[in-house]
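Heads up, the sequence shown is in the UniProt record's numbering, so the first residue is 1 and it goes up one at a time. A virtual CB, placed ideally from N, CA and C, is assigned to each residue, including glycine. The structure appears below as structure tokens.
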Amino acid sequence: MVGVVVTGHGGFAAGMAANVKMLAGSDAELKAVDFADGMDVEVFEKQLAEAIDSYADCEAVLVLADIAGGTPYNRAAGLSMTRPKVRVISGLNSSMLMDLCMRNITGDECPDVDALAADIMQTGHENIGKFVLEVPAQPQEDEDGI
């Protein structure tokens, strides 16, 4: 099993956790750590470290953050420097989290955490899209009406 920690600004992490549990069911094991408005950075980092360290028995831990360069991402990156099996990914979307949680639910092994991180990031890229309404072309009428 891979430990899954979701983090972000405001209620992002809790919202993502609720999202994936609605889609994947209560079997989706993850920790959500929000960096709330006005929260002390040291308190946040302590909560994040506790969430990461709660997965000490896991093969690897992926920390999934909302945006690169934000406090949650930066603090997770700093914590990963002393935790060799931790990887930090930014730009989290629902497809990424769903993919990772489903791998845990189905018992997929994690022989290579970097390959797993790359797979999860690819899932995120593949599931970004835009709806385009395609209006069917109107049939051309002959000028003679025939």
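Q) Secondary structure at Ala60, three-state DSSP: helix, strand or coil? A) In the three-state reduction of the DSSP assignment, Ala60 falls in the strand class.
(Q) Let's test the definition: count the other Cβ atoms within 10 Å of the Cβ of Phe12 and tell me whether it reaches 16, buried, or not, exposed. (A) Label assigned to Phe12: buried.
Q | Cβ-Cβ separation, Tyr55 to Gly107 (assumed contact under 8 Å), whole Å | A | By a beta-carbon distance limit of 8 Å, Gly107 does not contact Tyr55. Their separation comes to about 16 Å.
**Q.** Spatial distance of Val132 from Glu42 (CA atoms)
**A.** If you take the alpha carbons of Val132 and Glu42, they lie about 45 Å apart.
Q. Where does Asp40 land, buried or exposed, given buried means 16+ other C-beta within 10 angstroms?
A. Burial is judged here by how many other beta carbons sit within 10 angstroms of a residue's own beta carbon; Asp40 has fewer than 16 and is exposed.
**Q.** First through last residue of the alpha helix (DSSP H) which encompasses Asp53
**A.** From DSSP, the alpha helix (DSSP H) with Asp53 extends over Val41 to Asp53.
Q: Please look up how many angstroms separate the CB atoms of Gly10 and Asp37, rounded, as I've assumed it's under 8 Å.
A: With a Cβ gap of about 7 Å, Gly10 and Asp37 count as contacting.
Q. What does a CB cutoff of less than 8 Å around Asn104 pick up in its chain, not counting 5 residues either side in sequence?
A. Contacts found: Met1, Val2, Val4, Ala28 and Glu29.
Q: Express the C-alpha separation of Glu134 and Ala44 in angstroms, rounding to a whole number.
A: Rather than Ala, the amino acid found at residue 44 in this sequence is Phe. Near 47 Å, if we compare the C-alpha coordinates of Glu134 and Phe44.
Q | Counted within 10 angstroms of its Cβ, other Cβ atoms place Gly124 as buried (16 or more) or exposed | A | With 16 or more Cβ atoms within 10 Å of its Cβ, Gly124 is classed as buried.
(Q) If I measure Cβ to Cβ from Asp119 and keep anything under 8 Å in the same chain, skipping five residues before and after, which residues do I get? (A) So the list reads Asp99, once near-sequence residues are dropped.
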